[in-house]
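In this note's numbering, the protein residues as written are 3 to 451.
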Ligand SMILES: *Cc1c(COP(=O)(O)O)cnc(C)c1O
């Protein structure tokens, strides 16, 4: 039992009472096929009935261990007590007035928390939106208004969303961009320091990648034309790539020297996910702007751009916003989520998850040759799978392992430019027994492969 879930307390156990998917999920799958657009895919063929702590219960009564958190969203657990309490109270008071019409306190309180929690002690302001992609788009708008320049620099393996501008910022064609062009102009992509795949070796990676990136920006774009450099401090969809230490500080310095707004996209890596409030803290980086979403509001849709007051204020009044941006219920949920992160010290929990996971995965790597790399921080951990005896990507084993885990009642996700990365994003409140049981399932899946 957990005291962390809002609704009827959900037993914190894995329980399989039908095949996966069970009959009720199969019925819903048929209805999905008939009513929902084919482009909207789902990783698992099971339908959720309840979720909380470290489990998701499906409509057939199966209870699955959750190593996905709905893609790094329910870090505080689904229906966390403080989220439910605060959001319910707000629901009863008012659901919407539109902050651009008659504003309310919750929005301001979230912006005040963001100013406190994000790196740097300079004056900060925020603007709130609904989705991560919207936050990234607005960061670009703000940077352009501030610099009066147009170009945006992004990186290999980067992911920033599915709207037109953020598709342009995203690296991977399939499934994010294919057949959806033309894309927004003035977007330029440069190399990132991906240590495992750097051709001259991991030790040279930071220096060489930074030099190449800076050379490309200077020669092909012109630093004086660049409004913003946008990067994920730990690249998410691209494969949980941690840029080699030293790379990010060099890019930040280049941005600073050239009047370019440095934007850290912490939509996946932020809010305790990596064992810090924000992943860029690990190298002492203070971004000019930071985009957040996913983990911020315990499952309700909310996103933010936070940054230096003088940059944030560059857009004219009325230039930023949106009908639902900073919805009062989502703001209340964010305040509950942040309260939970503080009270339960979820940064420490994330670090403990890393310790357990890396210990177990390291032991698996000794046994299973196809585990090429183990990486990530906190509760944002991944393994990159390769062909035996090489570094050639192994997407088929990755898919087969994910499927085997799903059938055994463990929710895991894949990612990576080459589709060969298994990623683990458990809720930070997951019990250690469930965490280990999930890793047992993974190990068994490797043995069976
Ligand atoms: C998920 C994600 C986005 C997009 O967020 P949405 O809420 O899906 O629009 C942008 N950047 C990063 C790093 C992400 O992980």
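Yeah, the Cβ is synthetic: ideal placement off N, Cα and C, and Gly gets one too. Keep in mind it's a predicted model, so treat the numbers as computed, not measured.
I'd like to check one pair, residue j with residue i: are the Cβ atoms closer than 8 angstroms?
| i | j | result |
| --- | --- | --- |
| residue 406 | residue 447 | yes |
| residue 219 | residue 225 | yes |
| residue 425 | residue 242 | yes |
| residue 340 | residue 363 | no |
| residue 421 | residue 397 | yes |
| residue 305 | residue 295 | yes |
| residue 194 | residue 171 | no |
| residue 271 | residue 235 | yes |
| residue 308 | residue 77 | no |
| residue 73 | residue 413 | no |
| residue 230 | residue 254 | no |
| residue 137 | residue 166 | no |
| residue 79 | residue 337 | no |
| residue 134 | residue 293 | yes |
| residue 84 | residue 291 | no |
| residue 64 | residue 104 | no |
| residue 400 | residue 415 | no |
| residue 282 | residue 348 | no |
| residue 240 | residue 418 | yes |
| residue 159 | residue 237 | yes |
| residue 27 | residue 57 | no |
| residue 90 | residue 427 | no |
| residue 366 | residue 312 | no |
Tell me the residue span of the alpha helix (DSSP H) that contains residue i.
| i | result |
| --- | --- |
| residue 366 | 348-369 |
| residue 146 | 134-149 |
| residue 447 | 434-450 |
| residue 459 | Because the chain spans 3 through 451 in this model, residue 459 falls outside it and cannot be assessed. |
| residue 84 | 83-95 |
| residue 167 | 166-171 |
| residue 58 | Where residue 58 is concerned, there is no enclosing alpha helix (DSSP H), although the beta strand (DSSP E) it sits in stretches over 57-60. |
| residue 73 | 71-74 |
Per DSSP, what kind of secondary structure is residue i in: helix, strand or coil?
| i | result |
| --- | --- |
| residue 65 | strand |
| residue 309 | strand |
| residue 333 | helix |
| residue 429 | coil |
| residue 299 | helix |
| residue 25 | helix |
| residue 282 | helix |
| residue 208 | helix |
| residue 216 | helix |
| residue 253 | helix |
| residue 52 | strand |
| residue 42 | coil |
| residue 190 | strand |
| residue 223 | helix |
| residue 153 | strand |
| residue 416 | strand |
| residue 237 | strand |
| residue 275 | coil |
| residue 424 | strand |
| residue 243 | strand |
Assign residue i to buried or exposed, taking buried as 16 or more other Cβ atoms, counted over all protein chains shown, within 10 Å of its Cβ.
| i | result |
| --- | --- |
| residue 150 | exposed |
| residue 345 | exposed |
| residue 435 | exposed |
| residue 408 | buried |
| residue 299 | buried |
| residue 441 | buried |
| residue 131 | buried |
| residue 124 | exposed |
| residue 297 | buried |
| residue 46 | buried |
| residue 40 | exposed |
| residue 93 | exposed |
May I ask you to check if the CB of residue i is nearer than 7 angstroms to at least one heavy atom of ligand 2?
| i | result |
| --- | --- |
| residue 55 | No copy of ligand 2 appears in this structure; the ligands present are ligand 1. |
What are the start and end residues of the beta strand (DSSP E) that includes residue i?
| i | result |
| --- | --- |
| residue 128 | 126-131 |
| residue 377 | 373-379 |
| residue 110 | Per DSSP, residue 110 belongs to no beta strand (DSSP E); it is in the alpha helix (DSSP H), 107-119. |
| residue 264 | 263-267 |
| residue 382 | 382-387 |
| residue 407 | No beta strand (DSSP E) contains residue 407, which is instead part of the alpha helix (DSSP H) from 397-409. |
| residue 293 | 291-294 |
| residue 230 | 228-233 |
Beta-carbon distances below 5 angstroms to any heavy atom of ligand 1 define the shell here; list its residues in chain order, please. Sorted by chain position, residues whose beta-carbon lies closer than 5 angstroms to a non-hydrogen atom of ligand 1 are 133, 134, 135, 162, 163, 234, 238, 267, 269, 270 and 295.
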